[in-house]
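Asks:
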Amino acid sequence: MLMVRKSADRGHADHGWLRSNHSFSFAGYYDSRFMGWGNLRVINEDRVAPGKGFGTHGHRDMEIISYVLEGNLAHKDSMGHIEGLPPGDVQRMSAGTGVEHSEFNHAHQETHFLQIWIEPDKKGIAPSYAQKTFADADKRGRLRLMVSPDGADGSISMNADARMYAGLLDGQDEASVALAPGRKSYVYVVRGEVSVNGTALHTGDAAYLDQETSVRLAQARDAEVLVFDLAA
């Protein structure tokens, strides 16, 4: 089974300093049909104006991944981390028993990033943090594993039964991920065009896959794609 959700059908929020598209119900946007997929709970595509950001706020019992596309995001948290996230960087924050953090755009341009939440395997763990740069060359023409339960292939480890891949595909590039029985998958097109198991998707579109044996990407045109292998 493959279901497509078009970019324009997502939830939208415009706070002036923040413009956000919500793939799943979040904050003021609610749709009972879109509460998550497997253990993937949130994908927000956020655009933060220069000199603006999210003030200090708390999270608990959630795996939170940030993936910067343009600009730079300044992160500060109650664990003592003060970091900048440039394009290509992936940050994973395991909120566990509770963590407070802020995110700010000190750049002179808009910062465009994805905020992703995945439900944890275990609740009440100690909070933790990881960050890593994944060069474009490592994602070009293939799907690069970026986050996983066990840190395989140099990925960032997390406390969740899920894997997140990213690829930069164009022209004759093809890539695939095998899915074990009982798994779900979610494919998000960050930009460009690509076919997912023979179905065409464009910027901001997403594909929900269930009872499929693999995710197959082809017929790409300047595409950046995220693929999630998820617990049902």
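Residue numbering for the sequence shown follows my numbering, beginning at 205 and increasing consecutively. Backbone N, C-alpha and C fix where the C-beta goes; we use that ideal spot for every residue, glycine too. Note that the structure is a prediction, hence the values are computed from the model and not measured.
Measure the CB-CB distance between F230 and L277 and report whether it falls below 9 Å.
Replies: Taking the sequence shown and counting its residues from 1, one reaches residue 230 at position 26. Taking the sequence shown and counting its residues from 1, one reaches residue 277 at position 73. Cβ distance not < 9 Å, so F230 and L277 don't count as in contact.
Asks: Determine the extent of the alpha helix (DSSP H) in which K343 is found, giving its start and end residues.
Replies: Within the sequence shown, numbered from 1, the residue matching residue 343 stands at position 139. Note, K343: alpha helix (DSSP H), D340 to K343.
Asks: Which ranges does the alpha helix (DSSP H) cover as unbroken runs of at least 4 residues, wholly within the region 246–277, from first to last along the chain?
Replies: The qualifying runs do not exist here; there are none.
Asks: Determine the contact status of K336 and D293, defining contact as a CB-CB distance below 9 Å.
Replies: Taking the first residue of the sequence shown as position 1, residue 336 is located at position 132. Taking the first residue of the sequence shown as position 1, residue 293 is located at position 89. Yes, the Cβ-Cβ distance between K336 and D293 is below 9 Å.
Asks: Please report the straight-line C-alpha distance between E428 and D357, rounded to a whole angstrom.
Replies: If you number the sequence shown from 1, residue 428 lands on position 224. If you number the sequence shown from 1, residue 357 lands on position 153. Those two C-alpha atoms are separated by around 20 Å.
Asks: Ignore the nearest five residues each way along the sequence and tell me which others in G375's own chain have a CB closer than 8 Å to its CB.
Replies: Your numbering for residue 375 matches position 171 in the sequence shown. Hits under 8 Å: A424 and R425.
Asks: Tell me, which residues are paired with V398 by DSSP?
Replies: Position 194 of the sequence shown, counted from the first residue, corresponds to residue 398. Note: V398 sits in a beta bridge opposite L405.
Asks: Between the beta-carbon of Y291 and the beta-carbon of E307, is there less than 9 Å?
Replies: In the sequence shown, residue 291 corresponds to position 87, counting from 1. In the sequence shown, residue 307 corresponds to position 103, counting from 1. The residue you asked about is not Tyr; residue 291 is Pro in the sequence shown. Contact: no.
Asks: Please name the residue or residues paired with Y233 in a DSSP beta bridge.
Replies: Locating residue 233 in the sequence shown gives position 29, where the first residue counts as 1. DSSP lists F230 as partners of Y233.
Asks: Nearest-angstrom Cα distance between H279 and I286?
Replies: As a first step, residue 279 is located in the sequence shown; it is residue number 75 there, counting from the start. As a first step, residue 286 is located in the sequence shown; it is residue number 82 there, counting from the start. Going by the C-alpha atoms only, they are around 6 Å apart.
Asks: Tell me which same chain residues have a C-beta within less than 8 Å of the C-beta of T403, skipping the five on either side of it?
Replies: Residue mapping note: residue 403 aligns to position 199 of the sequence shown, counting from 1. Result list for T403: L206, V208 and A411, in chain order.
Asks: Report the rounded CA-to-CA distance for R245 versus G257, giving the unit in angstroms.
Replies: For the purposes of this step, residue 245 is taken as the residue at position 41 of the sequence shown. For the purposes of this step, residue 257 is taken as the residue at position 53 of the sequence shown. Distance between the alpha carbons of R245 and G257: 22 Å.
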